[in-house]
Amino acid sequence: MTRIACLLSLLAFVLAGLAGAQTAPPKDSRRSGYDFMGASTQAMQKDDTLNPGMLWVKEGEVLWNQPAGASGKACASCHASAQSSMRGVAARYPAFDTTLGRPLALSQRINQCRQQHQQAAPLRAESQELLSLESFVALQSRGLPMAPPDDARLAPFRQRGEQLFTQRIGQLNLSCAQCHDGLAGGRLASSVIPQAHPTGYPVYRLEWQAMGSLQRRLRGCMSGVRAEPFAYGAQELVELELYLNARAKGMPLESPGVRP
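Counting from 1, position 46 in the sequence shown corresponds to residue 45 in numbering that gives the first Met the number 0; the numbering is continuous, with no gaps.
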């Protein structure tokens, strides 16, 4: 082979490599909050015998099988085994409710079920009972990818959630995006700033010494920038959940998560 032929062959090889690099899918740079934690906290989440959130899960299992309200029915009376009927459910919420014409978070759906089908009073937002039921349902989807519904009716609510995520609020005049997009991986005091992917909720936070919902965390962030938090169940919080779940699409659900 002549020198020119060798050079042409080498050039063709390099160009083919460049073409392949250009068509390769971009690397997913998203990281769960789990990746930002210390080894001891990670170990606590990975081991169900160490994970404090499993105490809420166990209580949720009891409530799942316990009759409530005037109907005398338990969740299991309609849904039977949660291991099969609830598999994938938590990964799809918030979801659109046709009757109300708006999206509902998972905790709201649980309360709607209690009122309509069990004829029982709704559980108080952030109560141990509601968090326990939500944690038990979420456990059935652990390891499955986050799968926000491909429902056109959700689009305007999700867009409003994105606007809220990028909107500066409070006396500190900060937005969610400024910290969780612009400063992710950095530190705020002694805490590492995560990317705000809600893959572990409900989570047990060491700071709280208790389980908490994503809405509790969002409200805490609002207070942190000295803004007035939205009330539990507010449409704005559900819209933020919608947007955050869309950002985390395809990431594995971890609940019950553990966070610092």
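A virtual CB, placed ideally from N, CA and C, is assigned to each residue, including glycine. No experiment lies behind these values; they were computed from the predicted model shown.
Each residue's CA atom was taken as its position, placing glutamine 127 and alanine 233 some 20 Å apart. Put simply, the backbone Cα of leucine 239 is about 7 Å away from that of glutamate 161. When rounded, the separation of the alpha-carbon atoms in leucine 105 and aspartate 47 is 23 Å.
Taking a contact to require three or more Cβ pairs closer than 8 Å, the stretch 205-219 and the stretch 140-160 do not qualify as touching. Sixteen is the threshold: when 16 or more other Cβ atoms of the shown chains lie within 10 Å of the Cβ of proline 201, as they do, the residue is buried. Note on geometry: alpha-carbon atoms of arginine 91 and valine 237 lie some 13 Å from one another.
Runs of the beta strand (DSSP E) lying entirely within the stretch 23-108 and spanning at least 3 residues, in chain order: 94-96 and 101-103.
When the Cα atoms are used, glutamate 227 and glycine 219 turn out to be separated by approximately 10 Å. Taken through DSSP and simplified to helix, strand or coil, alanine 209 comes out as strand. Shown here, tyrosine 242 sits in a helix according to DSSP, grouped into three states.
According to DSSP, isoleucine 168 shares a beta bridge with Leu173. In the structure shown, arginine 215 adopts helical secondary structure according to DSSP, grouped into three states.
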